[in-house]
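Report on the following structure.
In the working numbering, the protein residues as written are 218 to 975.
Structure follows, in structure tokens:
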């Protein structure tokens, strides 16, 4: 075991040394290349800074040369100067004409002064002309204060050659301060000498030509001693330039450069201003321009990195020797770690499995609770609907019997018709309960949805709702040429009413409710609340500008008894559940979008049909359904229901017999025969309509029957139809409903269901 370990150690040691020397060489090459690139960058930065200063110096030189030429050429052409000297030579005095000539000359001078601009700014602060003896002839009236008034300044100036000079006022608090002058001499046609002085705008020079560079500590125009006019003895070496100063004596540049260099490393830059003796100079921060890292520091950095690398190599070699000792222990601990990791994985998997089982258990318990709640609601709704249907049959059926006995012009016909219509609407409410219980609402009529909405908007229920919610406006935009749908008009009208009423309740301070319909084709599943599958649909949208809903309320909005309204006063908590059940019974979908403070929109999708609307049925004459003495057996556990049905068929010419239970019906059929049995589906106590019919057909196989029930479709009703029941009539039924069903059943062939029974 030792020999392989030793050779492994030597191999690793050689690898460490090789990598160390490669790294040292690589780092050294990088540092050397970095040093060279930095030197090139420094030289480039210096050249760039010098180039920028030279550009400013050339711009200033060109500007000064242009203005001096313009001043020379313009003044030479002024006729008033010639006229002045000619008039003076003729002996004209100030009192007799010279004064007026000077006034005209001043006007020309002012016009020239105001016309010489640079980028919208005046170039000169003042212009003046003097004669050969130095006496003032005329000066610009505008900004004349820019011309010095000290007695000997012009004498000192006129002793100098033509050029640019800096004048320093004796009183430094004066506005004049340091001023840049241009001095030149003219000679008229007659040989007269004129001396001109122009004062340049210091502000213009500062703003347009003396913009400091990015690292400048100060920038200025430096002037030799022989071009400094005025008080030049008050400059001291330790007096730094102020921000608003522009012109400086040449002797102070080196002192200021040294002063700034004590606080931080600086560089000095200089550029001559054209052919003038002026110099544009600037002191700038060395750190800003080229940085302050020295070659010595870079060398020390390289040495430090070399030392670090050598030290790292030593540490690695020491670690390798220790590695040989610890290798066996590491392998053993590695095995233990693998075992622990495997056990941890198994434990984590077990924990995850238990979490999933617990989540599934909680979800299953929640589903069971919801199912139990819906079953309880369904049982309650079904029982209430059954009882109400028995009660409503009298309200719906008796008016038909009364109308048969009333003449056409009777005043009682309208109240009786109203009672009948009220019973019909009450039966629609019962159907809502059946919808909630999902007890099979029959959807088989071809319907125009726009007509349903228009009828609702004109209904008394809608008008009453609007009167109870002041400030709420309802607008509709119904699509044209919409295809038809299959459905129940009463249930769809109830759905629209529930959604509009719910929207009005969500707008306490007033707002707008919009109802729109359109034909849509869904080519891929859409919807955020419920996925709408592919197909052709009529989309009914009802939106409001109300308070909106939070996420928790959106998830519970269709649950039974969930409401934000006051129970018993503005809602029962069942309206939105009825909407959901109705849409589902119509094979439709619901999409919902809502945000707090932004309102709510319900989008209902109903599948379209190719079937056309049936023409409106005309009122059928009751005579068409009269019988010819056929024997009928009426089976119902409610006395009122039996009495109503017996009276109906007695009026129609049948021979009805009524019994109160299924058992008595079976006993009656053992000794009698009838043409048709009218069976109630639910009878308590005792056997129901299906079992009663099964026992009857056991003795009379071809017995015809009609079933009446508060539920439109159940499994037991479908089984009765399979056994031979001809028609199913939903309670509460009208006279026409039950009479037409009995007539149709009696006229059906006797052998229609024999194959099923056999």
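Quick reminder that beta carbons are idealized off the backbone N, C-alpha and C, glycines included.
When the Cα of residue i is compared with those of the options, which residue comes out closest?
i            : options               : result
residue 813  : 440, 477 and 761      : 761
residue 169  : 445, 411, 559 and 769 : Given that the chain is displayed from residue 218 to residue 975, the structure contains no residue 169 and the question cannot be resolved.
residue 924  : 948, 709, 794 and 723 : 948
residue 485  : 889, 351 and 430      : 430
residue 950  : 961, 936 and 927      : 927
residue 799  : 357, 715 and 899      : 715
residue 901  : 877, 885 and 914      : 877
residue 466  : 493, 438 and 489      : 438
residue 612  : 401, 894, 862 and 690 : 862
residue 702  : 354, 824 and 797      : 824
residue 808  : 830, 757 and 815      : 757
residue 1033 : 436, 853 and 401      : Past the boundaries of the shown model lies residue 1033; the chain is included only from 218 to 975, so the question cannot be answered.
residue 773  : 797, 755 and 752      : 797
residue 961  : 818, 895, 933 and 935 : 895
residue 343  : 327, 351 and 354      : 327
residue 843  : 259, 729, 964 and 829 : 964
residue 957  : 839, 941 and 848      : 839
residue 916  : 904, 931, 933 and 891 : 891
residue 355  : 373, 337, 318 and 379 : 318
residue 752  : 562, 353 and 806      : 806
residue 883  : 329, 853 and 866      : 853
residue 907  : 323, 673, 919 and 932 : 932
residue 771  : 817, 739 and 626      : 817
Kindly identify the DSSP beta-bridge partner or partners of residue i.
i           : result
residue 502 : 483
residue 412 : 347 and 402
residue 752 : 739
residue 812 : 816
residue 439 : 465 and 496
residue 397 : 383
residue 447 : 385
residue 728 : 689
Mapping DSSP to helix, strand and coil, what is residue i?
i           : result
residue 958 : helix
residue 761 : strand
residue 521 : helix
residue 944 : strand
residue 708 : helix
residue 488 : strand
residue 791 : coil
residue 740 : coil
residue 902 : coil
residue 699 : coil
residue 922 : strand
residue 734 : strand
residue 657 : Confidence at residue 657 is low in this model, with a pLDDT of 49, below 50, so its placement is unreliable and the value that follows should be read with caution. The answer is coil: DSSP assigns residue 657 none of H, G, I, E or B.
residue 431 : coil
residue 824 : strand
residue 895 : strand
residue 950 : coil
residue 690 : strand
residue 939 : helix
residue 662 : strand
residue 807 : strand
residue 775 : coil
residue 417 : strand
residue 675 : coil
residue 626 : coil
residue 965 : coil
Is the shortest distance between the beta-carbon of residue i and the beta-carbons of chain D less than 7 angstroms?
i           : result
residue 943 : Of the protein chains in the structure, only one exists, and it is not chain D.
Run the proximity test for residue i: is its beta-carbon closer than 6 angstroms to any non-hydrogen atom belonging to the ligand ZN?
i           : result
residue 904 : This structure does not include the ligand ZN; it has no bound ligands of any sort.
Counting Cβ pairs closer than 8 angstroms, one from the segment 235-252 and one from the segment 478-498, do we hit at least three? no
Ranges of the alpha helix (DSSP H) found wholly within the segment 281-356, counting only runs of at least 4: 296-306 and 316-332
May I ask you to verify whether the segment 724-737 touches the segment 694-704, counting CB pairs closer than 8 angstroms and requiring at least 3? yes
Do the segment 466-477 and the segment 411-423 touch if we need at least three Cβ pairs shorter than 8 angstroms? no
Give, in chain order, every unbroken run of the beta strand (DSSP E) that is at least 3 residues long and sits entirely within the segment 232-264. none
Ranges of the alpha helix (DSSP H) found wholly within the segment 840-881, counting only runs of at least 4: 856-868
Can we say the segment 332-352 touches the segment 270-289, given the rule of at least three CB pairs closer than 8 angstroms? yes
With contact counted as at least three CB pairs below 8 angstroms, one residue from each stretch, are the segment 867-874 and the segment 905-913 in contact? no
Segment contact, 8 angstroms Cβ cut-off, at least three pairs: the segment 674-692 with the segment 722-731: yes
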